[in-house]
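Student: Residue numbers (the working numbering): 1 to 854.
One structure follows; several queries about it will come next.
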Amino acid sequence: MAQRPPQALAQKDPFLNPKTVPVVTNAFAIQTLPTTRGRVFYHYDIAFLPEIKQPFRAQMYLDHLQTVQEPQIFRPRVVFDGKKNVWSSHLLFEGPGATFEVKASKNPTSKAKPILIRFNLVGEPIDVLSAINSLVENKAHPRQAEAVNVLQATVRQFPIMQEQTFNARSVFTNQGSRPIGGGFELWRGFFQSVRPAPGRMIINVDTSTGMVYSPQRLDAWAVEFLYYGEQRKNIRTLAHMSPQSVEFKKLKQALKNLKFRPVVPQKSQGVRPIKSIILEAGKFEFDYDGRMVTVAQYYYEKYGKQLQYPELFGVVTKEKPFKVVFPAEICMIEPGQLYKKAAPPHLMNEILKFSSQSPADRLRAIQRGVQGNFLGYSSSDFMSTASVMVNPTPITTKGKMLHPPFIQYGSNTIKPKDGAWNLLGQRFAKPGDLTQWVIVNFTAKVHWDLVLRFIDTLIDCCHKLGMRTSRPINTVNISFSGQGLTDRALKEIVDYKPKLVVAVLPNEAAEIRRDLKVWGDTIYGIPTQCVRENKIYKANNQYCNNLAMKINTKMHGTNSIVQHPLKQTGLLSTPTMIVGIDVGHAGAGINNQPSIASLVASYDPDFAKYMTLISLQKPRSEIIVDLKAMIMKAMQFFYHATKVFKFRIVVFRDGVSEGEYDKVMVQEVAAIEEAWSEFTKPLLKEKESLPPRLSYIVVGKRHHIRFFPAEGMSRDDFVDRSTNFTAGLVVDKEITDPRVSQNFYLQSHGGIKGTSRSGHYIILRDDNKFPTDLWEHVAFYLCHVYSRASRSVSIPAPVYYADIVCARAVFYFKNEVTYGTELSSESPDECDLDWWRARFRPVHRNLRGGMFFV
Numbered sequence: 001m002a003q004r005p006p007q008a009l010a011q012k013d014p015f016l017n018p019k020t021v022p023v024v025t026n027a028f029a030i031q032t033l034p035t036t037r038g039r040v041f042y043h044y045d046i047a048f049l050p051e052i053k054q055p056f057r058a059q060m061y062l063d064h065l066q067t068v069q070e071p072q073i074f075r076p077r078v079v080f081d082g083k084k085n086v087w088s089s090h091l092l093f094e095g096p097g098a099t100f101e102v103k104a105s106k107n108p109t110s111k112a113k114p115i116l117i118r119f120n121l122v123g124e125p126i127d128v129l130s131a132i133n134s135l136v137e138n139k140a141h142p143r144q145a146e147a148v149n150v151l152q153a154t155v156r157q158f159p160i161m162q163e164q165t166f167n168a169r170s171v172f173t174n175q176g177s178r179p180i181g182g183g184f185e186l187w188r189g190f191f192q193s194v195r196p197a198p199g200r201m202i203i204n205v206d207t208s209t210g211m212v213y214s215p216q217r218l219d220a221w222a223v224e225f226l227y228y229g230e231q232r233k234n235i236r237t238l239a240h241m242s243p244q245s246v247e248f249k250k251l252k253q254a255l256k257n258l259k260f261r262p263v264v265p266q267k268s269q270g271v272r273p274i275k276s277i278i279l280e281a282g283k284f285e286f287d288y289d290g291r292m293v294t295v296a297q298y299y300y301e302k303y304g305k306q307l308q309y310p311e312l313f314g315v316v317t318k319e320k321p322f323k324v325v326f327p328a329e330i331c332m333i334e335p336g337q338l339y340k341k342a343a344p345p346h347l348m349n350e351i352l353k354f355s356s357q358s359p360a361d362r363l364r365a366i367q368r369g370v371q372g373n374f375l376g377y378s379s380s381d382f383m384s385t386a387s388v389m390v391n392p393t394p395i396t397t398k399g400k401m402l403h404p405p406f407i408q409y410g411s412n413t414i415k416p417k418d419g420a421w422n423l424l425g426q427r428f429a430k431p432g433d434l435t436q437w438v439i440v441n442f443t444a445k446v447h448w449d450l451v452l453r454f455i456d457t458l459i460d461c462c463h464k465l466g467m468r469t470s471r472p473i474n475t476v477n478i479s480f481s482g483q484g485l486t487d488r489a490l491k492e493i494v495d496y497k498p499k500l501v502v503a504v505l506p507n508e509a510a511e512i513r514r515d516l517k518v519w520g521d522t523i524y525g526i527p528t529q530c531v532r533e534n535k536i537y538k539a540n541n542q543y544c545n546n547l548a549m550k551i552n553t554k555m556h557g558t559n560s561i562v563q564h565p566l567k568q569t570g571l572l573s574t575p576t577m578i579v580g581i582d583v584g585h586a587g588a589g590i591n592n593q594p595s596i597a598s599l600v601a602s603y604d605p606d607f608a609k610y611m612t613l614i615s616l617q618k619p620r621s622e623i624i625v626d627l628k629a630m631i632m633k634a635m636q637f638f639y640h641a642t643k644v645f646k647f648r649i650v651v652f653r654d655g656v657s658e659g660e661y662d663k664v665m666v667q668e669v670a671a672i673e674e675a676w677s678e679f680t681k682p683l684l685k686e687k688e689s690l691p692p693r694l695s696y697i698v699v700g701k702r703h704h705i706r707f708f709p710a711e712g713m714s715r716d717d718f719v720d721r722s723t724n725f726t727a728g729l730v731v732d733k734e735i736t737d738p739r740v741s742q743n744f745y746l747q748s749h750g751g752i753k754g755t756s757r758s759g760h761y762i763i764l765r766d767d768n769k770f771p772t773d774l775w776e777h778v779a780f781y782l783c784h785v786y787s788r789a790s791r792s793v794s795i796p797a798p799v800y801y802a803d804i805v806c807a808r809a810v811f812y813f814k815n816e817v818t819y820g821t822e823l824s825s826e827s828p829d830e831c832d833l834d835w836w837r838a839r840f841r842p843v844h845r846n847l848r849g850g851m852f853f854v
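Below is the structure:
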């Protein structure tokens, strides 16, 4: 019987015809664009000599030039992107450019050196209206990106003139700030992004949180940062650091480029950036008037200042032609500096508490920002000059509520409610075996009686869920010295030839967990499951059921099968390989360590089982260099598992920014096509060809679009207990990207805390020719196959898995290097891929087809 086309299926099956709901967004329509006045903008390249790296200081000098020094030239004022670009609504100079000497100080006797600001006219003036009109109508125009940049700079110019603390998209204020310990405080702010939408431009406005260095004496800050939550909060503890210590490396990384002001002498010497740090700063010697003196001697002789802690670290502000050192105790951190690295894990709970807001509270805060003076939409002279007006009412659109698929356990089917379902009383769809396993205890605090009780509960839960179970073949106790797992301990475990190792770890055991995963994933090919000691004390059924889901998956079982009408016809009824791809990078500002690319690919009809591949590539590269070889291996694995070579490929790609879409289409899609051609060639008859049936979908999760139930909506109107929309909300009109013919937002998970964030799906290529509404169902389906939870997740499971694999791969570098931070002193200054590959352990061949990573 011939299959019905997807469109016919959607018309006949009520399951695929969702209900509509009103959705309030955090997008605001730009009502008027530059027309006569301000329609044409002149683009100037701006340079500051000497170079100014801090955008707010550059803005300060530029504003002084415009308002105090040369107001007759710069009226109306120009807009500045904080980097190298300035746009003016009028021609500034008769010639191609000009240079000005600027001394931005209110004190005429100030000794501060002036700087030069140089302007150079770039190209022809840009007709912003013409470029924007072509953009929202999805027509070609060579200067669309520049026109958006002009509007973006225009919109954000007013708030950044009022506040010194901002980054590329957000502006922050210390009003309502909260100290959180560890040397930091949290500031509230607003994110703004000018974006195209069908037929108009919009501004996406969202609340944001900035993590800011606490303004205090540098030595006191270092104690807070290094010893947060510990008993040894004493400044003298800092004297125990060595250049090889983790504390020294962490501190050096955290303080790099931080600005401070010396408090000795009392008359300020100005703000200085930190280049590096040095131990025993008070003992550092330098030439002072022809004799060698220590830093401590210098401050005593010149300023009468006796250093309290000459043995403590200091900061280096200059290396050549001579080193300039300041003791930490005389350095005061300048206020309002954003911490731009990854937040310390022990502060994440405080950050989430501060930043989480219910949908109603978040929307109110956004509306206050738009309608008030902070963003200045109604008072900005920059916007009025450009004839840009913003509607202060958020855009309301029509959304769709998709029906959740049924979840099959054994012979039972469950309908999820609010994105979740209960595992109690169910049996796994395809149970694995919990046999031939070992339990290892790495903590002395947990008595063996408690471990045995935990074993009984875990076995009972696994058995009730349908797994064939037996007691562990051995229980091993290992004392951990903090220097890695010993050879004796490793051998003791391996001798039992276990199929699974369950490890009881201390609550704080990052190093043990890392060593155990390296041992299991790369050296011996044995799946491992870690359990924190605080879970052993409870040993309840709910926790053990959650643990059983991970264990069953690692033992090649399938927890549940998602049932959906699309499995009877259309895409999901045809042999299909679903692929998830992600690229992970080292920490912010680290450019001498490789990026990690991961790929997972399904090989079963229920899209529950995935094989994994990992590759290293040059730093900060989003395009996957080895994709052809990786996808070829995935195709071969699928073929050997299914004996089918005429199959579809659906790629869900994480981590692609808007500016990379074209590059992805040219390079990654081409790599997949080449791999397909080479894969199918030996399987086809001579002169026969089989073009790929490829769909390539980017999943964006780092956007700021948010959705809010309209006023008066209740739980009867698809609103869950968290006051977010229930799982399954789709928005595919009015605020989507007109540059891509198929794209939509899907909020696939139930709300837990704060305001839920949807995934943004951009279909860049679709040989399978599915209409957008059916792709919405496919994406929602795949959000239900995540094996670690009995709830739908925020992005399709294969994307989630690829992200987990990237994070796990960080462990696989040998102990001599520390990947992901600047703490490693052994890595080369430039990224030598061969050097890194030689120190990277690949996943053991026994595990590459299994889901060891869940």
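Cβ atoms here follow ideal geometry from the backbone N, Cα and C, with glycine treated the same way.
Predicted, not measured: the structure shown is a model, and the values here were computed from it.
Using DSSP bridges, identify the partner residues of alanine 629.
Tutor: Its beta-bridge partners do not exist; DSSP assigns none.
Student: Ordered along the chain, which non-local residues of its own chain (more than five positions away) have a Cβ less than 8 Å from that of phenylalanine 191?
Tutor: Arg169, Ser170, Asn204, Val205, Asp206, Thr207, Ser208 and His704
Student: Under DSSP, the beta strand (DSSP E) around cysteine 530 begins and ends at which residues?
Tutor: 528-532
Student: Just confirm the distance between the C-beta atoms of valine 651 and tyrosine 696, as a whole number of angstroms; I'd bet it's less than 8 Å.
Tutor: 5 Å
Student: For aspartate 720, which residues in the same chain have their Cβ closer than 7 Å to its Cβ, ignoring the five residues on either side in sequence?
Tutor: Asp418, Thr726, Gly750 and Gly751
Student: Between which two residues does the beta strand (DSSP E) holding isoleucine 132 run?
Tutor: Note, isoleucine 132: premise wrong, no beta strand (DSSP E); alpha helix (DSSP H) at 128-136.
Student: Since alanine 601 is in the beta strand (DSSP E), which residue starts that stretch and which ends it?
Tutor: 595-602
Student: Looking at the strands, I want to know which residues DSSP matches up with lysine 318.
Tutor: Val324, per the DSSP bridge assignment.
Student: Based on Cα-Cα distance, which residue from Lys275, Gln306, Ala675 and Gly589 lies nearest to glutamate 319?
Tutor: Lys275
Student: For cysteine 831, does the three-state DSSP call read helix, strand or coil?
Tutor: coil
Student: Looking only at its chain, what residues have a beta carbon closer than 7 Å to the beta carbon of aspartate 219, apart from the 5 residues adjacent to it on each side?
Tutor: Ile235, Leu238, Tyr309, Leu312, Ala328 and Glu329
Student: Name the residue from Phe56, Ala222, Asn138 and Leu116 whose alpha carbon lies nearest to the alpha carbon of asparagine 167.
Tutor: Phe56
Student: Since valine 171 sits in a beta bridge, which residues does DSSP pair it with?
Tutor: Phe166 and Phe190
Student: From the DSSP secondary-structure annotation, give me the bridge partner or partners of tyrosine 543.
Tutor: Answer is none; tyrosine 543 lacks a bridge partner.
Student: Please report the distance separating the alpha-carbon of isoleucine 623 from that of serine 598.
Tutor: 12 Å
Student: Measuring alpha carbon to alpha carbon, tell me which of Arg693, Val390, Trp87 and Glu816 ends up nearest asparagine 26.
Tutor: Val390
Student: Go through its chain and collect everything with a Cβ distance to lysine 305's Cβ below 7 Å, but skip five positions before and after it.
Tutor: Val264 and Tyr299
Student: How do the stretch 658-671 and the stretch 615-631 stand: do at least 3 beta-carbon pairs fall below 8 Å, yes or no?
Tutor: yes
Student: Within a Cβ cutoff of 6 Å, which residues of the same chain sit near glycine 336, ignoring the five residues on either side of it in sequence?
Tutor: For glycine 336, where only same-chain residues beyond five positions count, the Cβ hits under 6 Å are Gln164 and Thr165.
Student: Between tyrosine 288 and the rest of its own chain, which residues show a CB-CB distance below 7 Å, the 5 nearest in sequence each way excluded?
Tutor: Correct list, in chain order: Tyr298.
Student: If glycine 525 sits next to histidine 43, beta carbons under 8 Å apart, how far is it from one beta carbon to the other, in whole angstroms?
Tutor: That belief does not hold up - the Cβ atoms of glycine 525 and histidine 43 are roughly 58 Å apart, past 8 Å.
Student: Closest to aspartate 866 by C-alpha separation, out of Met632, Val40, Val21 and Phe100, would be which residue?
Tutor: An answer regarding residue 866 cannot be provided, because it is not within the stretch 1 to 854 covered by the chain.
Student: Run through DSSP, which three-state label would threonine 35 get?
Tutor: DSSP places threonine 35 in coil when its eight states are reduced to three.
Student: Please determine if the stretch 535-548 and the stretch 399-417 are in contact, where contact requires at least 3 C-beta pairs separated by less than 8 Å.
Tutor: no
Student: So, is alanine 634 buried or exposed, given that buried needs 16 or more other C-beta atoms within 10 angstroms?
Tutor: buried
Student: Would you kindly work out how many angstroms separate the C-alpha atoms of leucine 458 and serine 356, rounded to a whole number?
Tutor: 34 Å
Student: Any idea what DSSP makes of glutamate 508, helix, strand or coil?
Tutor: coil
Student: What's the C-alpha gap between leucine 683 and alanine 641?
Tutor: 16 Å
Student: Grab the span of the alpha helix (DSSP H) containing tryptophan 775 for me, first residue to last.
Tutor: 772-782
Student: Roughly how many angstroms separate the alpha carbons of glycine 376 and asparagine 133, rounded to a whole number?
Tutor: 25 Å
Student: Assign tryptophan 437 to one of three DSSP states: helix, strand, or coil.
Tutor: strand
Student: How should serine 245 be labelled, buried or exposed, when 16 other C-beta atoms within 10 angstroms of its C-beta is the threshold for buried?
Tutor: exposed
Student: Going along the chain, which unbroken runs of the alpha helix (DSSP H) with 4 or more residues stay wholly within the stretch 319-381?
Tutor: For the stretch 319-381, the full-length alpha helix (DSSP H) segments reaching 4 residues or more read 348-355 and 359-371 along the chain.
Student: For aspartate 803, which beta-bridge partners are listed by DSSP?
Tutor: In DSSP, aspartate 803 forms no bridge with anything.
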